[in-house]
Structures are given as structure tokens and as C-alpha cells.
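> One structure is given below, represented as C-alpha cells, and several questions about it will come after.
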Amino acid sequence: SMSEMVYARSLLKGCPVERARLRRATNEKCFGVQIATNNVEEGVAAMRMIQQHARKYDSPVDFIDLNCGCPIHEATRRGLGSSLLRSPKKLGRLV
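Numbering-wise, the numbering used here comes out as the position in the sequence shown, counting from 1, plus 5.
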């Protein structure tokens, strides 16, 4: 399964709502976390935080996904989600 979209910047600021999205249910055979970012350094820092959280709470993450398809205004107005498809060079750097 996949987590709800986690805003990398909010996660790095310690937002408890974003941290709660990192939880894996005990019955999930495969679990991934989806992050929303448009900044390489922010994305790398968020991935490290996700990995630390996984180790600390014995809640393994099988994969981390970069959201580049969400069309909601809250994401696209920030240059996240599907708006990344309009910037292929930036998207390439993020991946």
C-alpha cells in the first residue's frame, strides 16, 4: 500500500500530521511513502527522515515515491504534484 501524500517541507518542520502518515499497519505486506517536493535537498532530507523514522519505530518502508501526478490546487500552486510535469528538467533532477 501507499501512504497519503506527505509534504516534505512540512515533515521536515516536524508536523505531527505528516509524521502520522509514515505509519505502516501491521498487516501491510508492502508499504511505500509518497512525498511531495520540488526541491532536491528538501526531498533528500525528507527521505532520510523517513528512513530514520522507519528504523526508530520498526516500521519498514519498502519504497519512497515522488508525487508528480496530483492535480489538486493545494499541490500545484506550490509547484508540486502534476505541475512538475511542466518542468521536465526539474523533475529529472528530483528523480
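Ideal Cβ positions, reconstructed from N, Cα and C, are used throughout, including at glycine. Note that the coordinates shown come from a computational prediction; the quantities given were computed from them, not determined experimentally.
Which residues does DSSP list as the beta-bridge partners of G37?
M7 and F68.
> Rounding to the nearest angstrom, what Cα-Cα distance links Y62 and R28 in this structure?
In a straight line, the C-alpha of Y62 is about 9 Å away from that of R28.
> Curious, which full-length alpha helix (DSSP H) runs of at least 4 residues does the stretch 47-91 contain?
Fully enclosed alpha helix (DSSP H) runs of 4 or longer: 78-81.
> If I'm right that G74 touches S88 with Cβ under 8 Å, what's the distance once you round it to whole angstroms?
Not really, about 10 Å apart at Cβ, beyond 8 Å.
> Mind checking T31: buried by the 16 CB within 10 Å criterion, or exposed?
Its Cβ having fewer than 16 others within 10 Å, T31 is exposed.
> Kindly indicate which residue of T42, A13, V49 and R24 has the alpha-carbon position closest to the one of A59.
Comparing Cα positions, the closest option is R24.
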